[in-house]
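Reviewing the structure listed below.
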Ligand SMILES: [Zn+2]
């Protein structure tokens with residue numbers, strides 16, 4: 024069972040009805056050709072909604088489908104995301120497939136994690152590495168001159184679409200960078216471990232590959248230029264090359280941080296992947312942090328895992344204590360993402376990750392805890408080995424105490 028949605032106000036019942044009908048039609052379609060029929064109509068209606076500058080009707084359709092038609096709900100999300108991140112643009116009689124992409128970076132630091140404007144020289148190094156290792160040979164592409172924290176990504180569907188349109192247009196026009204006004208960016212929360220995103224857009228001649236992994240080996244239709252060998256690369260090989268070369272390009276930005284590049288991909292797909300992978304990454308970051316700050320090895324630590332509920336299971340909270348003590352030194356939240364629910368094997372994933380981190384002592388509390396936060400600082404409260412929720416208290420004077428990990 025998935026988490027319930029908080030209902031949204033319906034602005035136009037007729038529009039909501041029609042969009043729900045199209046999504047349900049698509050979900051029940053019996054052929055590829057019928058899919059195309061529903062998809063085209065659905066895309067046109069979604070575009071009209073995005074142009075109104077208001078997400079209410081789209082959200083209301085999701086509410087409705089959530090309760091009545093889970094297959095239609097999935098199709099509708101997919102259709103909204105497609106309408107936001109990709110399109111076909113025409114310039115001087117030539118059609119271009121355009122896509123907003125994201126390149127996520129997982130990072131942690133005891134000091135501060137950078138966000139905001141990216142210097143010209145770092146951008147230009149990133150461009151070289153993206154072109155050489157990630158993107159197909161014949162594409163035009165732009166990068167936004169900003170490193171976005173999760174709080175700084177556009178909020179909601181039409182704002183995301185607005186940014187995508189800006190990036191697409193620049194890519195088709197053959198520009199290199201798109202300037203983001205740093206004063207329009209939200210403040211970034213301070214965490215020990217967090218995600219950063221580079222955003223950009225790719226414009227490829229219609230029907231041609233966008234990413235290197237789409238290129239066929241020596242195929243005549245893909246004109247391989249420059250020093251590209253024409254060899255076919257798997258996504259895994261491309262990721263490794265990007266991690267090696269992209270890391271060097273980003274190093275000047277991430278002084279004093281550990282960081283790991285994920286594979287650049289379509290905006291929504293990259294975002295979801297980052298959300299999933301950020302969880303084990305934070306766990307490793309936390310254990311490294313505890314070991315180095317307390318000067319102890321991981322086998323002196325114990326982890327307490329407990330499920331936290333609102334109406335449904337929302338997240339697991341994991342506390343770290345010394346092996347023989349009950350005081351919670353630090354805590355992290357392992358949120359459910361995507362389709363995960365209480366039937367998913369999340370606890371095993373958490374335990375496996377803890378073992379990878381060298382923590383052999385784990386306690387699972389099979390009790391339903393309610394989502395509770397500190398009334399003063401808003402930090403989540405964490406389970407202690409006695410089964411109570413408490414404030415994590417780091418045993419050291421100084422700044423690091425206030426750094427909450429999310
Ligand atoms: Zn507090």
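Residue numbers (our numbering): 24 to 429.
From the three backbone atoms N, C-alpha and C, an ideal C-beta is built for every residue, glycine too.
Buried versus exposed call for residue i [16 or more other C-beta atoms within 10 Å across all chains shown]
i           : result
residue 42  : buried
residue 205 : exposed
residue 326 : buried
residue 250 : With a pLDDT of 42 at residue 250, under the threshold of 50, the modelled position of this residue cannot be trusted, and the question is left open.
residue 407 : buried
residue 319 : exposed
residue 396 : exposed
residue 307 : buried
residue 216 : buried
residue 56  : exposed
residue 86  : buried
residue 400 : exposed
residue 259 : exposed
residue 334 : exposed
residue 369 : buried
residue 132 : buried
residue 348 : exposed
residue 242 : Caution applies to residue 242, whose pLDDT of 49 falls short of 50 and renders its modelled position unreliable; the value that the coordinates give is listed next. It is exposed - the Cβ of residue 242 has fewer than 16 other Cβ atoms within 10 Å.
residue 269 : buried
residue 271 : exposed
residue 142 : exposed
residue 82  : buried
residue 375 : exposed
residue 330 : buried
residue 440 : In the structure displayed, the chain extends from 24 to 429; residue 440 sits before or after that span and is not available.
Short CB-CB distance (under 8 Å) between residue i and chain D
i          : result
residue 75 : Looking at the structure shown, chain D is missing, and only one protein chain is on hand.
Own chain, CB closer than 6 Å to residue i, minus 5 neighbours either side, in chain order
i           : result
residue 405 : 340, 342, 351, 354 and 415
residue 264 : 156
residue 47  : 92 and 95
residue 175 : 208 and 209
residue 89  : 28 and 96
residue 298 : 360
residue 384 : 325 and 346
residue 197 : 163
residue 30  : 86
Neighbourhood of residue i by C-beta, 8 Å cutoff - its chain only, sequence neighbours within 5 removed
i           : result
residue 134 : 279 and 280
residue 189 : 201
residue 38  : 68, 72 and 80
residue 107 : 73, 123, 180, 183, 184, 187, 290 and 291
residue 261 : 156, 157, 234, 235, 236 and 286
residue 66  : 102, 105 and 106
residue 84  : 39, 42, 43, 46 and 99
Check whether residue i and residue j have beta carbons under 8 Å apart
i           : j           : result
residue 79  : residue 32  : yes
residue 273 : residue 145 : yes
residue 122 : residue 225 : yes
residue 127 : residue 169 : no
residue 345 : residue 377 : no
residue 312 : residue 129 : no
residue 392 : residue 332 : yes
residue 137 : residue 256 : no
residue 180 : residue 103 : yes
residue 218 : residue 173 : yes
residue 165 : residue 223 : yes
residue 293 : residue 167 : no
residue 365 : residue 394 : no
residue 45  : residue 58  : no
residue 61  : residue 54  : no
Spatial neighbours of residue i in its chain, beta-carbon cut-off 7 Å, leaving aside the 5 residues before and after
i           : result
residue 161 : 227, 228, 231 and 246
residue 244 : A caution first: residue 244 carries a pLDDT of 47, below 50, which makes its placement in the model unreliable, though a value can still be read off. Hits under 7 Å: none found.
residue 248 : Model confidence at residue 248 stands at a pLDDT of 46, short of 50, so the residue's coordinates are unreliable and nothing is read from them.
residue 110 : 121 and 191
residue 373 : 328, 339, 341 and 357
residue 314 : 320 and 321
residue 267 : none
residue 413 : 351, 404, 405 and 407
residue 275 : 145
residue 390 : 329 and 410
residue 199 : 150 and 165
residue 302 : 357
Closer than 7 Å: residue i CB and nearest ligand 3 heavy atom
i           : result
residue 104 : The model depicted lacks ligand 3 and carries ligand 1 instead.
Between the stretch 280-292 and the stretch 356-363, can you find at least three pairs of beta-carbon atoms closer than 8 Å? These segments do not touch.
Requested in this report: Answer yes if the stretch 91-111 comes into contact with the stretch 156-171, meaning at least three C-beta pairs across the two stretches below 8 Å, and no otherwise.
Outcome: With the cut-off at 8 Å, the stretch 156-171 and the stretch 91-111 do not touch.
- Contact set, ligand 1 heavy atom to C-beta under 5 Å: Residue list for ligand 1: 397, 399, 400 and 402 (CB closer than 5 Å to any heavy atom, chain order).
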